[in-house]
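See below for the structure under consideration.
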Amino acid sequence: MTENIKRILTGAVLVALAGAAVVLQYFEIPAVRWLGVAVAALMVFETMRLKIKDKKLCELRVVFGAWLILVGISAYFVGAKPWIMLLLLMTIVAADTGAWFFGRLIGGDKMWPSLSAGKTWSGQIAGIICGSAAAVLYGLLGTDTFLPQLMWIGISVSLLSQYGDLTASAIKRKLGIKDFAGTLPGHGGFIDRFDGWIFVLPIVWLVTL
Numbered sequence: 003m004t005e006n007i008k009r010i011l012t013g014a015v016l017v018a019l020a021g022a023a024v025v026l027q028y029f030e031i032p033a034v035r036w037l038g039v040a041v042a043a044l045m046v047f048e049t050m051r052l053k054i055k056d057k058k059l060c061e062l063r064v065v066f067g068a069w070l071i072l073v074g075i076s077a078y079f080v081g082a083k084p085w086i087m088l089l090l091l092m093t094i095v096a097a098d099t100g101a102w103f104f105g106r107l108i109g110g111d112k113m114w115p116s117l118s119a120g121k122t123w124s125g126q127i128a129g130i131i132c133g134s135a136a137a138v139l140y141g142l143l144g145t146d147t148f149l150p151q152l153m154w155i156g157i158s159v160s161l162l163s164q165y166g167d168l169t170a171s172a173i174k175r176k177l178g179i180k181d182f183a184g185t186l187p188g189h190g191g192f193i194d195r196f197d198g199w200i201f202v203l204p205i206v207w208l209v210t211l
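So in the working numbering, spot 91 of the sequence shown is number 93, and the numbers just go up one at a time.
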């Protein structure tokens, strides 16, 4: 089985889990909140299980793990408003997918070659456009009304998610690893797949306090 097929199948399973959480949420079961917390907890676990001997790199791991604990706490409180959590999820997935697809399709100048060889400016711009479009679409599906503020939310969340991705790439480069784990076939680990949450959830929690 090729890596692309593994990536697609794993993505389908993740989408199915998210869909199941939405259905359960419809019946007033707080599945969205606890799914977010579970993912964050797995991210912390992946960080802590890394085998590192260098003292300074161990300190980096501890700091990053502590930040991911904050991400989990943020997921708990933001998840109390499931419609916000779903908006974030839809925006981040669209931004991530758009950046990956159009970055490969268009190519062009690299954003930050020393951190991530695959990320391009065309991918970042496409990711912002796709994420913003997803946020606006979310509003249209929910209210049948165009809500311009969702466009600005989409831009902000898309940017934050991409900088979370870059931060994870910088940490991996520092630690000398390709992926944080091999938990998700074709995607690496939970951190590799959900690194867009790193800044989005804490900042959204702060804003919505």
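Even glycine gets a Cβ: it sits at the ideal position worked out from N, Cα and C.
- prompt: Which ranges would you report for the beta strand (DSSP E) in the region 87-171 if only whole runs of at least 3 residues count?
  reply: 112-114, 118-122
- prompt: When the Cα atoms are used, what is the spatial distance from THR210 to TRP199?
  reply: 16 Å
query: Taking DSSP as the reference, what is the three-state secondary structure of LEU186?
result: strand
query: Whose CA, out of GLY120, THR99, ALA137, ASP194, lies closest to the CA of LEU89?
result: ALA137
Spatial neighbours of LEU72 in its chain, beta-carbon cut-off 6 Å, leaving aside the 5 residues before and after: PRO204
- prompt: Using the beta-carbon count (16 or more within 10 Å), is LEU107 buried or exposed?
  reply: exposed
message: Using only the alpha-carbon positions, how far apart do ILE2 and ARG63 sit?
response: With the chain covering 3 to 211 only, the question about residue 2 has no answer from this structure.
- request: Take the Cβ of LYS180 as the centre, count every other Cβ of all protein chains shown within 10 Å, and call the residue buried at 16 or more, exposed below.
  value: exposed
Counted within 10 angstroms of its Cβ, other Cβ atoms place LYS57 as buried (16 or more) or exposed: exposed
- request: Look up ASP181 in the DSSP assignment and say whether it is helix, strand or coil.
  value: coil
- prompt: Taking just the CA atoms, how far does LEU149 sit from SER134?
  reply: 11 Å
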